[in-house]
Amino acid sequence: MKKVRILINARKRGATAILNQAKELLASRGFSTSNKPDFIIALGGDGTMLNAAHIYGKKGIPILGVNSGGLGFLTDVTFAQLSDTLIEIKNGKYVFENRMVIQALFNRSSL
Numbered sequence: 001m002k003k004v005r006i007l008i009n010a011r012k013r014g015a016t017a018i019l020n021q022a023k024e025l026l027a028s029r030g031f032s033t034s035n036k037p038d039f040i041i042a043l044g045g046d047g048t049m050l051n052a053a054h055i056y057g058k059k060g061i062p063i064l065g066v067n068s069g070g071l072g073f074l075t076d077v078t079f080a081q082l083s084d085t086l087i088e089i090k091n092g093k094y095v096f097e098n099r100m101v102i103q104a105l106f107n108r109s110s111l
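Each residue of the sequence shown is one higher than the one before, starting from 1 at the first, in this note's numbering.
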């Protein structure tokens, strides 16, 4: 697992800076960004994680949630932990967890 796609909320203040930091960190750990990734890094908060699940969940691509801000109930690691986490991934020390997703309709609009 060496090819990564980073998903970030570009509208958030500081998003470009943290994206650049993440890309540098990935490169220093032997990972590259790709449009055909082995896994996704959802870099942000719960909204970014949910967006990643919506886009990539049905494709079966694993998603690593990285919290770059507040609480982050759905994210697995903080940005400060990303370096160590990437080393673990590179060394094959990871576990996939399948998650269920539900969709609701309200007045014929998707929620």
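The C-beta atom is built at its ideal place from N, Cα and C for all residues, glycine as well.
In this text, all values refer to a predicted model and were calculated from it rather than measured experimentally.
- Message: By the three-class DSSP mapping on this structure, what secondary structure does Ser-32 have?
- Response: strand
- Query: Taking Pro-62 as the reference, which of Gly-30, Asp-76 and Gly-69 has the closest Cα?
  - Reply: Asp-76
- Task: Express the C-alpha separation of Arg-29 and Val-66 in angstroms, rounding to a whole number.
- Result: 16 Å
- Query: First and last residue of the alpha helix (DSSP H) that includes Gly-45?
  - Reply: Where Gly-45 is concerned, there is no enclosing alpha helix (DSSP H), given that its DSSP letter is neither H nor E.
- Message: Report the CB separation of Ile-18 from Phe-106 in whole angstroms; it is logged as a contact under 8 Å.
- Response: Between Phe-106 and Ile-18 the Cβ distance is about 34 Å, and since that is not below 8 Å, they are no contact.
- Look up Thr-78 in the DSSP assignment and say whether it is helix, strand or coil. strand
- Which residues mark the beginning and the end of the beta strand (DSSP E) in which Lys-3 is found? In the DSSP assignment, Lys-3 falls within the unbroken beta strand (DSSP E) covering 3-8.
- Query: Alpha carbon to alpha carbon, how far is Tyr-94 from Ile-87?
  - Reply: 10 Å
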